[in-house]
Amino acid sequence: MRVRHLNEIEIQALLDRRAMGTAADVAVEVYRKDLDSQEHLDNCPICRSEMEVYRGLYQELGRCRVPHLPRSFARKVTFSLPPFRAKRTRTRLQLAAIWGTSLLVSLFWLLAQINIGLVVARSVAAVSGFLHQSEATLSLLVAVLRLFFDPASIWFLGQLSGVAGAVERALTAQVGPANMILVAGLVLLMIASVDKLYSSTLRQRS
Amino acid sequence: MENRVGLDPRQLVDRILNGDPNAFKQLVKDNERLVGQVVFRMIPNDSDKEDVCQDIFVKVYQNLAAFRFDCKLSTWIARIAFTTCLNYLEKKKLPLYEDTNTDNHGVDDCPSATGDPENWTGSRQASVRVCEEIDRLPVIYGTILSLFHLHDMSYAEIGQVLRLPDGTVKSYLFRARKLLKERLQVRYSLEELCA
Numbered sequence: 008m009r010v011r012h013l014n015e016i017e018i019q020a021l022l023d024r025r026a027m028g029t030a031a032d033v034a035v036e037v038y039r040k041d042l043d044s045q046e047h048l049d050n051c052p053i054c055r056s057e058m059e060v061y062r063g064l065y066q067e068l069g070r071c072r073v074p075h076l077p078r079s080f081a082r083k084v085t086f087s088l089p090p091f092r093a094k095r096t097r098t099r100l101q102l103a104a105i106w107g108t109s110l111l112v113s114l115f116w117l118l119a120q121i122n123i124g125l126v127v128a129r130s131v132a133a134v135s136g137f138l139h140q141s142e143a144t145l146s147l148l149v150a151v152l153r154l155f156f157d158p159a160s161i162w163f164l165g166q167l168s169g170v171a172g173a174v175e176r177a178l179t180a181q182v183g184p185a186n187m188i189l190v191a192g193l194v195l196l197m198i199a200s201v202d203k204l205y206s207s208t209l210r211q212r213s
Numbered sequence: 025m026e027n028r029v030g031l032d033p034r035q036l037v038d039r040i041l042n043g044d045p046n047a048f049k050q051l052v053k054d055n056e057r058l059v060g061q062v063v064f065r066m067i068p069n070d071s072d073k074e075d076v077c078q079d080i081f082v083k084v085y086q087n088l089a090a091f092r093f094d095c096k097l098s099t100w101i102a103r104i105a106f107t108t109c110l111n112y113l114e115k116k117k118l119p120l121y122e123d124t125n126t127d128n129h130g131v132d133d134c135p136s137a138t139g140d141p142e143n144w145t146g147s148r149q150a151s152v153r154v155c156e157e158i159d160r161l162p163v164i165y166g167t168i169l170s171l172f173h174l175h176d177m178s179y180a181e182i183g184q185v186l187r188l189p190d191g192t193v194k195s196y197l198f199r200a201r202k203l204l205k206e207r208l209q210v211r212y213s214l215e216e217l218c219a
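Which chain is which? The protein sequence lines are A and B, in order.
Under this note's numbering, read the first sequence as residues 8 to 213, first letter to last.
Under this note's numbering, read the second sequence as residues 25 to 219, first letter to last.
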């Protein structure tokens, strides 16, 4: 009977499975095939020799040199980065906080506008006898204006928040989070010095 | 992959996105070996290798916010490295699937392709010989061999890096090893004949 030797693909697949250690999730037929292959290997010097060649190759491949980048590479890359992150994703909580604040502020603004509008309308109505309907008309106008200005105010507040975030990120990127307290202290010291200088100037003038 | 300061990749990415430059430096240190391996296998020009590595990490930094953890962070970085090198090869009109040397002896030229394995394994020079021979293989084969044997990546992970199906990766890997083994046997048998 003619003996069927293991081909190179079968030998490599067997070595790969052993290298990756996938015995736990390997299919039953693959496991049986591996057992058959092992049985054949135990009795066939030709296939065993071929297996040894591949085993040697695997060992040498694992020992190949790994290129080394210069020690300063990580520092060099960090320095070459753009100063600000181009894209920064805000968390849902941050977005909700920004939108919530904007909504509250614009609501207050809206109420103030209504009150001003009503005061103006009442004044006009009081002065002019034939403009009895002006109060209602102006109230309507104020409402229309309000609808136009509200999205604008929300957008403006969003931009303000973005600028504040960018400044905070820039400071963190430049000095690092650990040194933020130091920077805050220096800023406070500067403010105190300016204040002292200003008050002494005022005292001299008086 | 856990890094040296004990942060998991999610924490590391979060710190980078919050503008911590030390966290990014850590990411570079954790992955420079992997990126270096891909670049040194794929880019033939020595003077360009470091610049390409740097370019890859800048791209990682710029696109980090878009990373959704649908694969390992190292796999994603390796994919960026591979794509960047691929663009380089296309730009320079260099081959990906062809042999990178002209002086190697073809397997068919040899009278006997069955050499003694001890000729090229088990000696002090063996690793150097294997590495030199990998450099002569087509770029794609060398890259797959490095990812599998030096970075312990699975077929699926290599497939994600190279955007190839698992079966194709497996087939390339087997072909690469077969070719490498045959060439080593031929080369060192021929050297003995010439000596």
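Ideal Cβ positions, reconstructed from N, Cα and C, are used throughout, including at glycine.
**Request:** Output the boundary residues of the alpha helix (DSSP H) element that contains B:Ala105.
**Result:** Working through the second sequence from its first residue, we reach residue 105 of chain B at position 81. Start and end: 97-115.
**Item:** Straight-line gap, B:Tyr212 to A:Asn50 (C-alpha atoms, nearest Å)
**Value:** As a working note, residue 212 of chain B is residue 188 in the second sequence. As a working note, residue 50 of chain A is residue 43 in the first sequence. So the alpha carbons of these two residues sit roughly 29 Å apart.
**Message:** Residues of chain A with CB closer than 7 Å to the CB of B:Ser178, please, in chain order.
**Reply:** Counting from 1 along the second sequence, the entry for residue 178 of chain B is found at position 154. Met27, listed in chain order.
**Message:** What residue range does the alpha helix (DSSP H) around B:Ile182 cover?
**Reply:** Taking the first residue of the second sequence as position 1, residue 182 of chain B is located at position 158. Bounds of the alpha helix (DSSP H) holding B:Ile182 are 179-186.
**Prompt:** In chain B, what lies closer than 7 Å to A:Ser87 by C-beta?
**Reply:** Along the first sequence, read from residue 1 onward, the residue named residue 87 of chain A stands at position 80. Neighbours of A:Ser87 on chain B, chain order: Gln78, Val82.
**Request:** Could you give the DSSP three-state label for A:Gly124: helix, strand or coil?
**Result:** As a first step, residue 124 of chain A must be located in the first sequence, where it is residue number 117. The DSSP-derived three-state label of A:Gly124 is helix.
**Item:** Alpha carbon of A:Gly165 to alpha carbon of A:Leu125, nearest angstrom
**Value:** Taking the first sequence and counting its residues from 1, one reaches residue 165 of chain A at position 158. Taking the first sequence and counting its residues from 1, one reaches residue 125 of chain A at position 118. One Cα belongs to A:Gly165, the other to A:Leu125, and the distance between them is close to 29 Å.
**Cβ contact check for the region 164-182 of chain B and the region 51-64 of chain A: 3 or more pairs under 8 Å** = With the rule of 3 Cβ pairs closer than 8 Å, the region 164-182 of chain B does not count as touching the region 51-64 of chain A.
**Item:** Partners in chain A for B:Ile101, counting only beta-carbon separations shorter than 9 Å
**Value:** Within the second sequence, numbered from 1, the residue matching residue 101 of chain B stands at position 77. Within 9 Å Cβ-Cβ: nothing; B:Ile101 doesn't reach chain A, min ~13 Å.
**Message:** Would you say B:Val52 lies against chain A (beta-carbon separation less than 7 Å)?
**Reply:** Taking the second sequence and counting its residues from 1, one reaches residue 52 of chain B at position 28. It does; some Cβ of chain A falls within 7 Å.
**Message:** Restricting to Cα atoms, I'd like to know which of A:Val84, A:Cys54, A:Leu22 is closest to A:Arg11.
**Reply:** In the first sequence, residue 11 of chain A corresponds to position 4, counting from 1. Measuring from the Cα of A:Arg11, the nearest candidate turns out to be A:Cys54.
**Nonlocal neighbours in the same chain, by C-beta distance under 6 Å from B:Pro33, ignoring five residues either side** = Counted from its first residue, the second sequence places residue 33 of chain B at position 9. The beta carbon of B:Pro33 sits closer than 6 Å to those of Leu97, all from its chain and outside the five residues before and after it, given in chain order.
**Item:** Minimum length 4: unbroken alpha helix (DSSP H) runs contained in the region 44-73 of chain B
**Value:** Qualifying alpha helix (DSSP H) stretches, in chain order: 45-66.
**Asked** Which residues of chain A have a Cβ atom closer than 9 Å to the Cβ of B:Val154, listed in chain order?
**Response** Your numbering for residue 154 of chain B matches position 130 in the second sequence. By Cβ distance, chain A contributes Leu64, Glu67, Leu68, Arg70, Cys71.
**Prompt:** Closer than 7 Å, Cβ to any Cβ of chain A: which residues of the region 159-175 of chain B, in chain order?
**Reply:** Cβ contacts with chain A: Leu169, His173, Leu174.
**Message:** Nearest by alpha-carbon distance to A:Pro74: which of B:Cys109, B:Ala105, B:Glu56, B:Ile101 is it?
**Reply:** Looking up residue 74 of chain A in the first sequence gives position 67. The alpha carbon of A:Pro74 has as its nearest neighbour, out of B:Cys109, B:Ala105, B:Glu56, B:Ile101, the alpha carbon of B:Glu56.
**Asked** By the 10 Å Cβ neighbour count, where 16 or more other Cβ atoms means buried, how is B:Val52 classified, buried or exposed?
**Response** On the second sequence, position 28 is the one that residue 52 of chain B refers to. B:Val52 sits buried, since 16 or more C-beta atoms from the chains shown fall within 10 Å of its C-beta.
**Asked** Is the CB of A:Leu48 under 7 Å away from at least one CB in chain B?
**Response** On the first sequence, position 41 is the one that residue 48 of chain A refers to. Taking Cβ atoms only, chain B never reaches closer than 7 Å to A:Leu48, which makes this a no.
**Request:** Please list the residues of the region 27-48 of chain B that have a C-beta atom closer than 8 Å to any C-beta atom in chain A, keeping them in chain order.
**Result:** Sequence-ordered contacts of the region 27-48 of chain B with chain A read Leu41, Asn42, Gly43, Asp44, Pro45, Asn46, Phe48 [C-beta pairs closer than 8 Å].
**Asked** Which residues, in chain order, does the region 61-77 of chain B contribute to contact with chain A at a C-beta distance below 7 Å?
**Response** Those would be Gln61, Phe64, Glu74, Cys77, in chain order.
**Request:** Report yes or no: do three or more beta-carbon pairs, one from the region 149-161 of chain B and one from the region 177-193 of chain B, lie closer than 8 Å?
**Result:** Output reads no: the region 177-193 of chain B does not touch the region 149-161 of chain B.
**Request:** Go ahead and label B:Asp79 buried or exposed: buried means 16 or more other beta carbons lie within 10 angstroms of its beta carbon, across all protein chains shown.
**Result:** The residue labelled residue 79 of chain B in the question sits at position 55 within the second sequence. With a threshold of 16 other beta carbon atoms within 10 Å, B:Asp79 meets it and is buried.
**Request:** Between the Cα of A:Leu117 and those of A:Thr85, A:Arg99, A:Ala81, A:Leu148, spot the shortest distance and give me the residue it belongs to.
**Result:** Here the question's residue 117 of chain A lines up with position 110 in the first sequence. Measuring from the Cα of A:Leu117, the nearest candidate turns out to be A:Leu148.
**Prompt:** Within 7 Å (strictly less), CB to CB, does B:Phe93 reach chain A?
**Reply:** Taking the first residue of the second sequence as 1, we reach residue 93 of chain B at position 69. By the rule that beta-carbons nearer than 7 Å mark a contact, B:Phe93 does not touch chain A.
**Request:** For the alpha helix (DSSP H) containing B:Ala89, list its first residue and its last residue.
**Result:** For the purposes of this step, residue 89 of chain B is taken as the residue at position 65 of the second sequence. Run containing B:Ala89: none; DSSP gives neither H nor E here.
**Prompt:** For A:Ser109, which residues from the same chain have a beta carbon less than 8 Å from its beta carbon, with the 5 sequence-adjacent residues on both sides left out?
**Reply:** As a working mapping, residue 109 of chain A is identified with position 102 in the first sequence. Ser160, Ile161, Leu164, Gly165, listed in sequence order.
**Message:** Only counting the same chain, and skipping five residues up and downstream in sequence, which positions put a Cβ closer than 8 Å to that of A:Leu22?
**Reply:** The residue you call residue 22 of chain A lines up with position 15 of the first sequence. Met58, Tyr61, Arg62, Tyr65.
**Asked** Going by beta carbon distance, what residues of the same chain come within less than 6 Å of B:Gln184, once the five residues before and after it are set aside?
**Response** On the second sequence, residue 184 of chain B is found 160 positions in, with the first residue counted as 1. Here B:Gln184 has Cys95, Thr99 as same chain residues with Cβ atoms under 6 Å from its own Cβ, once five neighbours each way along the sequence are excluded.
**Asked** Hey, B:Leu174 and B:Leu204 are a contact pair by Cβ (cut 8 Å); roughly how many whole angstroms apart?
**Response** Position 150 of the second sequence, counted from the first residue, corresponds to residue 174 of chain B. Position 180 of the second sequence, counted from the first residue, corresponds to residue 204 of chain B. About 14 Å; that fails the 8 Å criterion.
**Message:** On the CB-based measure, 16 or more other CB atoms within 10 Å of its CB, does A:Asp202 come out buried or exposed?
**Reply:** Counting from one through the first sequence, the residue named residue 202 of chain A turns up at place 195. A:Asp202 is exposed by the Cβ-count criterion.
**Message:** Let me make sure I understand the geometry here. Which of A:Pro89, A:Gly69, A:Val170 has the alpha-carbon closest to that of A:Ile105?
**Reply:** Working through the first sequence from its first residue, we reach residue 105 of chain A at position 98. Ranking A:Pro89, A:Gly69, A:Val170 by Cα distance to A:Ile105 puts A:Val170 first.
**Request:** Anything in chain A within Cβ reach of B:Arg57, meaning under 9 Å, just list it in chain order.
**Result:** Translated into the one-based positions of the second sequence, residue 57 of chain B becomes position 33. Correct list: Val73, Pro74, His75, Leu76.
**Contacts that B:Arg187 makes with chain A (C-beta to C-beta distance below 7 Å)** = Numbered from its first residue, the second sequence carries residue 187 of chain B at position 163. The contacting residues do not exist; B:Arg187 stays about 21 Å from chain A at best.
**Item:** Cβ of B:Val85 within 7 Å of any chain A Cβ
**Value:** Looking up residue 85 of chain B in the second sequence gives position 61. The question names Val, yet the displayed sequence has Tyr at residue 85 of chain B. By the rule that beta-carbons nearer than 7 Å mark a contact, B:Tyr85 touches chain A.
**Message:** Taking the alpha carbon of B:Thr108 as the reference point, which residue from B:Phe91, B:Lys83, B:Phe93 has its own alpha carbon closest?
**Reply:** Looking up residue 108 of chain B in the second sequence gives position 84. Minimum Cα distance to B:Thr108 is reached at B:Lys83.
**Request:** Please name the residue, chosen from A:Gly107, A:Ser146, A:Ser130, that lies closest to A:Ala119 on a Cα-to-Cα basis.
**Result:** Taking the first residue of the first sequence as position 1, residue 119 of chain A is located at position 112. Of the listed residues, the one whose Cα sits closest to A:Ala119 is A:Ser146.
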